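Peer 1: Please see the structure below; I have some questions.
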Ligand SMILES: Cc1ncc(C[n+]2csc(CCOP(=O)(O)OP(=O)(O)O)c2C)c(N)n1
Ligand SMILES: [Mg+2]
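Residue numbers (my numbering): 108 to 483.
What follows is the structure in structure tokens.
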């Protein structure tokens with residue numbers, strides 16, 4: 108019997124705004140209006156200013172570390188704009204400040220968090236997003252859980268879960284994509300391929316040509332987009348979100364961008380980045396292209412650019428002042444924001460870890476021995 112084809116798949120690639128700022132009018136139809144692009148560019152400026160200020164705060168000893176989002180602005184904001192604000196649910200990792208702020212997260216929270224204050228990751232209830240995730244990939248499963256809950260409750264909310272190229276090598280992301288697809292959960296898997304996972308490049312991360320093609324194996328659509336193109340990122344996410352809202356399950360969107368900064372302030376990418384790569388990527392910076400587009404449409408000029416940066420600087424200075432005014436944290440905070448009701452073992456950990464209790468008999472400080480301790 109001859110061999111036949113069991114399955115054949117294809118991954119589309121979408122670019123609408125090219126690096127010179129030229130727009131494919133037919134693909135752009137029904138996507139972002141002039142006002143949208145202007146507004147998103149203003150957000151890019153605000154985020155770039157925030158990013159550079161946070162870097163300086165770290166260098167002056169006021170933040171522990173900071174992962175810069177530089178270069179990711181279009182990839183994050185295009186997806187954020189495609190979501191229904193306050194309704195759809197954002198599941199970030201740690202490089203989505205532009206999306207988080209767009210969805211209303213107070214900007215000083217992120218400074219608090221990287222300054223070591225856990226209250227900065229206690230997301231206010233009215234913001235439709237989960238906390239930042241540092242444990243790579245785990246948020247994929249949280250995202251599927253949220254999406255499954257929305258489906259179960261018959262709410263028409265959709266989750267957008269972000270993760271990096273490096274996270275695709277974790278078991279959690281595979282499990283999340285598998286279960287998301289099996290359950291037809293309303294979730295979009297947004298993979299930010301920024302070429303690096305700390306010092307690991309794409310060809311050491313996967314044997315596949317794209318990350319998007321992994322969707323095929325999970326039985327969901329996959330698409331690769333130019334992640335520095337705000338139109339393409341928006342369109343791919345909007346279509347995927349609306350498809351999920353209709354009950355058709357997840358999509359994997361791979362946004363190809365570049366990590367213009369070091370991995371975090373604790374890294375020095377000059378040690379591993381090939382010569383010339385950064386300079387080439389800087390030419391593809393999403394802000395350059397978005398500005399060029401706005402200028403071609405006579406919607407932007409030097410004066411607006413100057414004014415917007417000035418406004419961004421003033422906003423960020425206010426944000427820093429706000430973070431400075433926050434009362435000092437309490438070490439109990441690390442226990443206080445994850446559970447609605449703290450489970451007994453964590454109550455015990457919280458109470459036992461106080462320095463004054465170390466070495467004391469738990470019974471003497473009013474704690475009942477745990478069953479295994481009683482058995483010894
Ligand atoms: C489970 C787990 N393993 C390892 C790490 C250490 N770590 C922190 S960031 C990172 C690389 C992540 O790369 P990627 O997913 O591409 O995201 P990017 O930082 O490039 O945006 C690693 C391995 C971690 N935080 N969590
Ligand atoms: Mg990466």
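Each residue gets a CB set at the ideal place from its N, CA and C atoms; glycine is no exception.
Nothing here was measured: the structure is a model prediction, and the numbers come from that model.
(1) Report buried or exposed for residue 480, applying the criterion of at least 16 other Cβ atoms within 10 angstroms of its Cβ.
(2) Look at residue 397 and residue 172 and say whether their C-beta atoms are less than 8 Å apart.
(3) By DSSP's criteria, residue 329 is part of a beta bridge. Which residues make up the other side?
(4) If you measure between the beta carbons of residue 235 and residue 195, is that distance less than 8 Å?
(5) Do residue 200 and residue 278 come within 8 Å of each other at the CB atom, strictly closer than that value?
(6) Does residue 147 pass the burial test, meaning 16 or more other C-beta atoms within 10 Å, or should it be called exposed?
(7) If I'm right that residue 419 touches residue 156 with Cβ under 8 Å, what's the distance once you round it to whole angstroms?
(8) Grab me the residues of residue 376's own chain with a C-beta within less than 6 Å of its C-beta, minus the 5 sequence neighbours each way, in chain order.
(9) Straight-line CA distance for residue 437 to residue 322?
(10) Where the beta carbon is closer than 7 Å to any heavy atom of ligand 3, which residues qualify, in chain order?
(11) Taking the continuous alpha helix (DSSP H) assigned at residue 250, which residues delimit it?
(12) With a threshold of 7 Å (Cβ to nearest heavy atom), would residue 211 be considered close to ligand 1?
(13) Is the separation between the beta-carbon of residue 324 and that of residue 332 shorter than 8 Å?
(14) Name the DSSP bridge partner or partners of residue 303?
(15) Return yes when the C-beta of residue 242 is under 7 Å from any heavy atom of ligand 1, and no when it is not.
(16) Would residue 433 and residue 214 qualify as a contact pair, given that the criterion is a beta-carbon distance under 8 Å?
(17) Go to residue 135, then tell me how far its alpha helix (DSSP H) extends in each direction, as first and last residue.
(18) Identify whether residue 481 lies in helix, strand or coil by the three-state DSSP scheme.
(19) State whether the region 292-303 contacts the region 354-362, with contact taken as three or more CB pairs (one from each stretch) at a distance under 8 Å.
(20) Going by DSSP in three states, residue 294 sits in which element: helix, strand or coil?
Peer 2: Considering the structure as presented:
(1) The predicted position of residue 480 is uncertain, since its pLDDT is 49 and thus under 50; no value can be drawn from it.
(2) Going by C-beta atoms, residue 397 is not nearer than 8 Å to residue 172.
(3) Looking at the DSSP output, residue 329 shares a beta bridge with 359.
(4) Their beta carbons are under 8 Å apart, which means residue 235 touches residue 195 by this criterion.
(5) No.
(6) Result: buried.
(7) Between residue 156 and residue 419 the Cβ distance is about 4 Å, and since that is below 8 Å, they are a contact.
(8) Closer than 6 Å at Cβ, skipping near neighbours: 369.
(9) Each residue's Cα considered, the two are about 44 Å apart.
(10) The model on display carries ligand 1 and ligand 2 but not ligand 3.
(11) Taken as a continuous stretch (DSSP letters only), the alpha helix (DSSP H) holding residue 250 covers 245-259.
(12) Taken from the Cβ of residue 211, every heavy atom of ligand 1 lies 7 Å or farther away.
(13) With respect to residue 332, residue 324 sits apart: the two C-beta atoms are not nearer than 8 Å.
(14) Partner residues in the beta bridge of residue 303, as assigned by DSSP, are 308.
(15) At least one heavy atom of ligand 1 falls within 7 Å of the beta-carbon of residue 242.
(16) Contact flag unset, no.
(17) In the DSSP annotation of this structure, the continuous segment of the alpha helix (DSSP H) that includes residue 135 starts and ends at 132-135.
(18) Only weak support is given to the placement of residue 481: the predicted model assigns it a pLDDT of 49, under 50, and the value that follows is read from those uncertain coordinates. Helix at residue 481.
(19) Counting Cβ pairs under 8 Å, three or more are found: they touch.
(20) DSSP, read as helix, strand or coil, puts residue 294 in strand.
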